[in-house]
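Residue numbers (this note's numbering): 484 to 611.
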Amino acid sequence: MAIAATSQVLYDNTRNCVMQFTGIADGNDVENNVVKVDASELTPVPQSLKITEITYDVNGGIVQLSWAADNPVPFVSLMGHHTFDYGEINGMVNTGGDSANGDILLSTLGFEAGSSYSVLLKMVKKFA
Numbered sequence: 484m485a486i487a488a489t490s491q492v493l494y495d496n497t498r499n500c501v502m503q504f505t506g507i508a509d510g511n512d513v514e515n516n517v518v519k520v521d522a523s524e525l526t527p528v529p530q531s532l533k534i535t536e537i538t539y540d541v542n543g544g545i546v547q548l549s550w551a552a553d554n555p556v557p558f559v560s561l562m563g564h565h566t567f568d569y570g571e572i573n574g575m576v577n578t579g580g581d582s583a584n585g586d587i588l589l590s591t592l593g594f595e596a597g598s599s600y601s602v603l604l605k606m607v608k609k610f611a
């Protein structure tokens with residue numbers, strides 16, 4: 484069965500977007516650079532996104548978030564539970580380079596049966 488995962492858009496307006504992702508592993512598989520934030524499905528469609536806050540709870544492994552690009556660019560590894568607030572630096576910007584498309588990928592590392600994650604991303608849309 485692999486990882487039973489859900490993705491929810493909690494809020495999407497002209498400037499901001501909030502999404503939540505959850506997953507529970509049965510020990511048979513992992514997620515590897517799965518598109519969790521598809522910028523082309525947001526309204527309006529942004530050129531890229533910057534993350535203003537990450538709130539997470541990861542049990543039994545590591546969740547790695549990456550910017551989608553020809554070669555995905557990991558930007559944070561999450562273990563345990565915490566909130567990263569990037570407001571002081573005006574948000575974490577996409578460092579995927581010229582091949583970045585604005586999407587955010589998720590990978591699970593070291594997940595076994597019963598491992599789980601819940602990740603909440605608060606983002607600001609960028610249009611130029």
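Glycine is no exception: its CB is placed at the ideal position from the N, C-alpha and C atoms.
This structure is a prediction, so every number in the text was calculated from the model and none was measured.
Self-check item: Sufficient close CB pairs (3 or more, under 8 Å) joining the stretch 567-580 to the stretch 493-512
Solution: no
Quiz item: Would F594 pass as a contact of V513 if the rule is Cβ separation under 8 Å?
Solution: V513 sits close to F594, with the two beta carbons spaced by under 8 Å.
Exercise. Return the chain-ordered ranges of every beta strand (DSSP E) run that is complete within the stretch 526-586 and spans a minimum of 3 residues.
Key: 531-550 and 556-568
Quiz item: Excluding sequence positions up to five away, which residues of its chain have a Cβ less than 8 Å from the Cβ of S490?
Solution: M502, Q503, F504 and K519
Exercise. Consult DSSP for S523 and reduce its assignment to one of helix, strand or coil.
Key: helix
Quiz item: Skipping 5 residues on each side, what residues in its chain have a beta carbon closer than 7 Å to that of P527?
Solution: T497
Quiz item: Hey, does A551 have any beta-carbon neighbour from chain B nearer than 8 Å?
Solution: Absent from the structure is chain B; it holds one protein chain and no more.
Self-check item: C-alpha distance - G510 paired with A611, whole-angstrom precision
Solution: For G510 and A611, the distance between alpha carbons rounds to 42 Å.
Self-check item: Residue burial classification, V541 (beta-carbon count within 10 angstroms, cutoff 16)
Solution: buried
Self-check item: CA nearest to the CA of Y546, picked from I534, V517 and Y569
Solution: It should be noted that the sequence gives Val, not Tyr, for residue 546. Ranking I534, V517 and Y569 by Cα distance to V546 puts V517 first.
Quiz prompt | Top-ranked residue by Cα proximity to G574, from S582, K609 and L589 | solution = K609
Quiz item: Would a C-beta distance cut-off of 8 Å place L604 and S549 closer than the cut-off?
Solution: no
Practice problem: Please go through the same chain and pick out, in chain order, the residues whose beta-carbon is closer than 6 Å to the beta-carbon of A487, but skip the five residues on each side of it. | Solution: Once the five neighbours on either side are set aside, the close Cβ partners of A487 are I507.
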